[in-house]
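**Q**
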Amino acid sequence: MSKKNSEYLINRKDNQYEVVIGLEVHAQVLSESKLFSTSATKFGAEPNTQVSLVDAAFPGMLPVINEFCVKQAIKTGIGLNARINKRSVFDRKNYFYADLPQGYQISQFKNPIVGEGKVILDMPNGQKEVGIERLHLEQDAGKSIHDLDPQNTFVDLNRSGVALMEIVSKPDLRSPDEVNVYIKKLRSIMRYLGTCDGNMQEGSLRADVNVSVRPKGSKEFGTRCEIKNVNSIKFMQMAIEYEANRQVNLIEEGKTIDQETRLFDTKKNETRSMRSKEDAHDYRYFPDPDLLPLEVSEKFIEELKNDIPELPDDKKKRFIEEFKLSSYEANILVSDIDTSKYFEEVVAKMGKNKDIKLAVNWITGELFAALNSKGLEISQSPVSAKNFAILINLIKNGTISGKIAKTVFELMIDGDKDPQKIVEEKGLKQQSDPKAIEALIDKIISSNREKAIEYKQGKEKLFGFFVGQAMKASGGKANPQLINEILKKKL
Amino acid sequence: MSDITKQSLTELVENVKNKKLSSTDVTKAFIDRSEKSEELNAYITNNFTSALDKAKKFDQKPNLDLKLPGIPMAVKDLFCTKNIKTTAGSKILNNFVPTYESTVTENIWNEGAILLGKLNCDEFAMGSSNETSFFGNVQSPIDKNLVPGGSSGGSASAVAGQLTPVTIGTDTGGSIRQPASFTGIVGLKPTYGSCSRYGIVAFASSLDQAGPMAQNVKDCALLHEVISSYDPKDSTSIDFKRNHYSKELTNNIKGKKIGIPKEYRVDGMPKEIEDLWKKGIQYIKDCGAETVDISLPNTSYALPAYYIVAPAEASSNLARYDGVKYGFRAKGKNLIDMYEKTRSEGFGAEVQRRIMIGTYVLSSGYYDAYYLKAQKVRKLIKNDFDEAYKKVDAILTPSTPSSAFKIGEKTNDPVSMYLNDIFTVPVNLAGLPGISIPAGHDSKGYPLGLQIIGKAFDEQNILNIAYAMEEKINFKNKITDWWIK
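Protein chains in written order, with this note's numbering: chain A, 1 to 491; chain B, 492 to 976.
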């Protein structure tokens with residue numbers, strides 16, 4: 001494998017292969033109730049406590065569309081720069097399984113609610129556009145639990161009927177890295193919109209990964225395999241690497257690739273055949289006669305457009321222009337909506353004489369490190385944006401040094417204390433009175449006569465010794481710049 | 492009063508309101524007759540004890556402002572009734588007790604009626620003779636070993652046999668009108684979207700409609716007024732202005748134009764049916780209305796289209812009966828084995844046949860040739876009616892191509908059985924209202940019905956036409972009580 005010029009290629013003897021990837025992302029719609037029933041959707045509830053007669057498919061029960069979920073899907077479509085279809089149709093996808101009470105999943109087959117769109121990825125070597133084929137609404141199935149009993153399978157229908165958005169990309173992705181950035185971008189957009197929490201641990205975001213390979217430079221697609229239901233970015237990347245190499249090996253051996261559905265075994269780090277094309281389910285899609293075609297007006301869409309917040313791409317542009325940030329810095333700050341919110345609040349609280357660069361460095365440095373070590377999200381930060389802003393200002397106006405600030409910050413992390421108070425209570429204020437520092441330095445020089453002479457004779461390294469002594473004598477509070485200036489004069 | 496069960500719904504309501512009869516009197520009388528009528532096999536489940544309790548309770552504090560004050564009523568066993576077994580005539584729901592009530596029956600109880608029991612029907616309403624029921628075939632009160640029609644066969648038998656004053660059935664391709672025609676009663680299939688489908692065991696969702704079955708047109712109008720309502724729980728329910736159908740009922744149909752579609756003169760139609768239709772035309776004229784020859788050119792495609800669309804939807808609607816959550820479950824070695832055994836043992840032959848047809852026509856590679864084409868035909872049939880209604884106010888046809896047949900006569904010939912629906916099916920495909928009224932007898936003395944098809948939401952108009960014709964026809968059902976010893 002080589003990554004020359006960031007191009008992800010698989011090398012074999014004389015041949016180089018390009019990997020072509022398309023994703024079908026299943027994103028759970030952020031909604032209090034299900035797509036066609038009023039049951040709750042809370043994660044982690046006791047099994048079968050969020051199930052209505054509709055979700056359990058009792059005789060004579062009928063689906064009624066949840067308007068909120070429709071709005072969420074349209075908003076997401078707008079966030080993906082996609083065409084919103086004013087008329088879409090719900091179809092039944094028929095198959096039998098114990099956790100599919102109706103015997104069919106209500107989905108959208110021929111006429112999805114959202115059509116073609118695009119997403120921009122920021123890659124190290126520049127921007128890349130990934131096409132969106134469509135987004136459609138569908139019901140989630142329940143959950144079969146096979147490992148609670150040696151004989152029986154248990155079924156939890158809490159998830160049955162929960163609204164999902166299936167976001168289908170065009171086969172535009174070319175590497176595991178791009179998949180990583182693509183998933184993160186989708187998640188970021190949806191979190192900005194509040195349409196999906198993007199929580200992969202809870203299964204709110206998972207994907208079917210389509211992988212094929214072709215000789216570098218070829219315009220034709222190879223035969224693809226679909227890896228079903230992968231629930232973390234890391235696993236997606238591992239599955240792609242494995243699958244692409246498997247396909248290349250087959251080609252190199254002169255064998256053909258069968259179009260099939262495969263599973264990714266996370267323990268063995270390999271993909272395995274699940275079913276071949278011949279065994280593929282015939283889902284017998286047809287329009288659900290219990291539901292009328294979904295029609296939305298131009299006005300309805302326009303009102304939702306007015307409701308769309310500033311999205312990551314626009315925010316990034318504004319951060320670069322307004323705060324003179326680098327593209328790299330802006331990216332870090334906008335990729336997560338909560339980080340961008342925190343940053344903007346810090347900026348607001350810093351007032352007029354603010355040092356934005358300093359704030360950015362502290363957020364991406366000290367704050368991120370502290371949160372990381374505590375395993376917290378920025379939204380759970382023990383240091384409020386307001387106190388964070390005060391801390392940055394204290395550094396900026398010379399009240400404390402950067403070094404002292406680190407001590408103060410550590411105290412802040414243990415409880416959201418006002419840094420001003422910490423500085424006062426612990427007497428950490430920076431010593432910036434030249435006379436006091438002069439007195440201090442005079443004392444040090446007189447008690448280290450020999451070293452002072454050595455320095456004057458040319459042992460310049462000893463300068464650092466004197467700075468250290470001065471700092472130590474001041475309890476670390478002396479303004480380092482002043483120490484430098486005065487020492488140079490006196491020595 | 493010994494003749495309580497002979498009274499029409501309208502008379503019973505009046506007598507209860509005038510306190511000439513109590514709910515207990517009425518309920519007792521119908522329970523008594525129902526108990527003597529076991530041979531008809533009209534009931535799957537009786538609710539007699541509870542019904543009598545409710546009647547007594549009603550009498551203690553009667554609310555006489557209700558439309559059906561203390562009136563007992565049995566309903567087709569396709570309507571889910573809270574805490575009362577609901578089987579859809581199938582083994583697979585043999586032990587199913589809903590915790591909920593269908594909107595249509597809820598509407599009925601809200602107007603003061605009392606549930607007498609659940610009436611037999613073809614399994615999942617699939618059949619035209621009530622012979623596919625897991626609970627056995629239903630006898631017709633007209634003659635021994637005669638089918639009452641289907642799928643609402645138990646309902647038709649119960650009304651004609653005076654086991655219930657009125658009832659409700661469901662009609663997917665003729666399941667109200669054909670049995671009404673076979674048993675000499677009135678049956679209305681409302682416009683699609685008029686009555687909520689919530690809580691009705693689904694057969695074919697885009698065709699199913701609940702509707703009233705009664706001794707006469709006025710009773711039919713009253714019951715329709717009670718059951719028809721807009722229901723947000725059914726996404727295909729339509730919010731239109733509903734009439735007070737019984738109050739606005741009139742026999743004045745002067746000047747109305749009634750279409751006579753030439754395509755309904757099918758090959759091999761018995762002369763008796765042809766003659767009945769002619770008589771019907773004369774009655775129309777006698778009422779001061781005029782008949783107009785019209786054409787519904789795509790009629791002959793209706794039956795094949797119906798037998799694609801209905802099984803397709805049914806194959807999907809019935810997937811939920813898998814032994815996992817409720818109803819009958821057979822033991823199996825694994826999940827697939829359990830599915831196969833449950834569905835093979837739980838569904839009868841006709842239901843399995845339709846599931847297979849439906850699964851086939853929806854399969855990839857066949858979808859376009861069958862399902863999609865059938866949907867196109869459906870549109871053409873609807874267009875035919877739209878065209879016709881530019882010229883006429885309603886359409887008159889026979890209800891069925893023959894009178895009732897003997898039990899067992901057609902069970903081995905599904906196609907001949909399906910042909911029973913030839914005049915009723917186009918109405919379901921077009922989503923229109925249609926009413927069957929008894930209009931005469933054949934040479935064997937069996938009832939024959941005429942069908943009046945209306946414009947969408949124009950139930951009042953066809954009820955009025957039926958009302959006016961009923962007066963002229965003056966039909967007398969020949970019920971000999973042959974089954975009562």
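By construction, the Cβ of each residue, glycine as well, lies at the ideal position given by its N, Cα and C atoms. Here the structure is a predicted model, which means the values were calculated and not measured.
#1: Taking any Cβ of chain A, which residues in the stretch 579-597 of chain B have a Cβ under 8 Å from it, in chain order?
#2: Using a threshold of 8 Å, state whether the C-beta atoms of K244 of chain A and V209 of chain A are closer than that.
#3: Give me the Cα-Cα distance between D859 of chain B and V852 of chain B, rounded to the nearest whole angstrom.
#4: Give a yes or no on contact between the stretch 186-197 of chain A and the stretch 79-94 of chain A, applying the rule of three or more CB pairs nearer than 8 Å.
#5: Report the partner residues of M274 of chain A according to the DSSP bridge assignment.
#6: Using only the alpha-carbon positions, how far apart do E614 of chain B and M200 of chain A sit?
#7: Nearest-angstrom Cα distance between E962 of chain B and S666 of chain B?
#8: What is the residue span of the alpha helix (DSSP H) that L304 of chain A lies within?
#9: For G475 of chain A, which three-state DSSP category applies?
#10: If you follow the alpha helix (DSSP H) that M617 of chain B is part of, which residue opens it and which one closes it?
#11: Fully enclosed by the stretch 135-209 of chain A, which beta strand (DSSP E) runs are 3 residues long or longer?
#12: Which first and last residues belong to the beta strand (DSSP E) in which C225 of chain A is found?
#13: Runs of 3 residues minimum, wholly inside the stretch 522-580 of chain B: which ones carry the beta strand (DSSP E) assignment?
#14: For G652 of chain B and G645 of chain B, what's the separation of their Cα atoms in angstroms?
#15: Just the C-alpha distance for S232 of chain A and C196 of chain A, rounded to the nearest angstrom, thanks.
#16: Evaluate the contact criterion for the stretch 410-422 of chain A versus the stretch 376-391 of chain A: three or more CB pairs, one atom per stretch, below 8 Å.
#17: For R811 of chain B, go through chain A and note every residue whose CB falls closer than 7 Å to its CB, in chain order.
#18: For T658 of chain B, which three-state DSSP category applies?
#19: Determine the direct distance from the alpha carbon of I956 of chain B to that of L569 of chain B, and round the result to whole angstroms.
#20: What would DSSP say about V119 of chain A, mapped onto helix, strand or coil?
#21: Residues in the same chain with beta-carbon distance under 8 Å from E129 of chain A, minus the five sequence neighbours each way, listed in chain order, please.
#22: Taking 8 Å as the threshold, find out whether the stretch 833-852 of chain B comes into contact with the stretch 718-730 of chain B through three or more Cβ pairs.
#23: Taking a cut of 7 Å between CB atoms, which residues from the stretch 673-703 of chain B lie near chain A?
#24: Drop a sphere of 10 angstroms on the beta-carbon of A801 of chain B, count the other beta-carbons inside from all chains shown, and report buried for 16 or more, exposed for fewer.
#25: Rounding to the nearest angstrom, what Cα-Cα distance links P752 of chain B and I764 of chain B in this structure?
#26: DSSP state of E502 of chain B, grouped into three classes?
#27: Take every Cβ of the stretch 29-39 of chain A, pair it with every Cβ of the stretch 544-559 of chain B, and state whether three or more of those distances are shorter than 8 Å.
#28: Is Y830 of chain B close to chain A, meaning its C-beta is less than 8 Å from at least one C-beta of that chain?
#29: Could you pull the start and end residues of the beta strand (DSSP E) that F343 of chain A belongs to?
#30: Pull out every residue of the stretch 267-284 of chain A whose Cβ sits closer than 7 Å to any Cβ of chain B, in chain order.
#31: What do you get for P312 of chain A, buried or exposed, if any count of 16 or more other CB atoms within 10 angstroms of its CB means buried?
#32: What residues from chain B crowd round N158 of chain A, counting only those whose CB sits closer than 9 Å?
#33: Rounded to the nearest angstrom, what separates S726 of chain B and A810 of chain B at their Cα positions?
#34: Given that A98 of chain A touches chain B, what residues does it touch there, using C-beta distances under 7 Å?
#35: Tell me, please, which residues DSSP counts as bridged to P215 of chain A.
#36: Against chain A, with Cβ distances strictly below 8 Å, would C612 of chain B count as a contact?
**A** Taking the definition as stated:
#1: A579, L584, F587, P589, T590, Y591, S593
#2: Position check: residue 244 of chain A holds Ala in this sequence, whereas Lys was assumed. Result no, Cβ atoms of A244 of chain A and V209 of chain A do not sit closer than 8 Å.
#3: 9 Å
#4: yes
#5: Bridge partners of M274 of chain A: none, in fact.
#6: 46 Å
#7: 25 Å
#8: 298-306
#9: coil
#10: No alpha helix (DSSP H) holds M617 of chain B; DSSP gives it neither H nor E.
#11: 143-145, 154-156, 163-169
#12: 225-230
#13: 534-537, 563-567
#14: 10 Å
#15: 16 Å
#16: yes
#17: A57, P101, Q102, G103
#18: strand
#19: 29 Å
#20: strand
#21: K118, V119, I120, L121, D172
#22: no
#23: R688, Y689, G690, I691, V692, A693, S696, S697
#24: buried
#25: 14 Å
#26: helix
#27: no
#28: yes
#29: It is not in any beta strand (DSSP E) - F343 of chain A instead sits in the alpha helix (DSSP H) that spans 337-349.
#30: D282, R284
#31: buried
#32: What N158 of chain A touches in chain B: nothing, since even the nearest Cβ is about 15 Å away.
#33: 21 Å
#34: V815, L826
#35: A:Y17
#36: no
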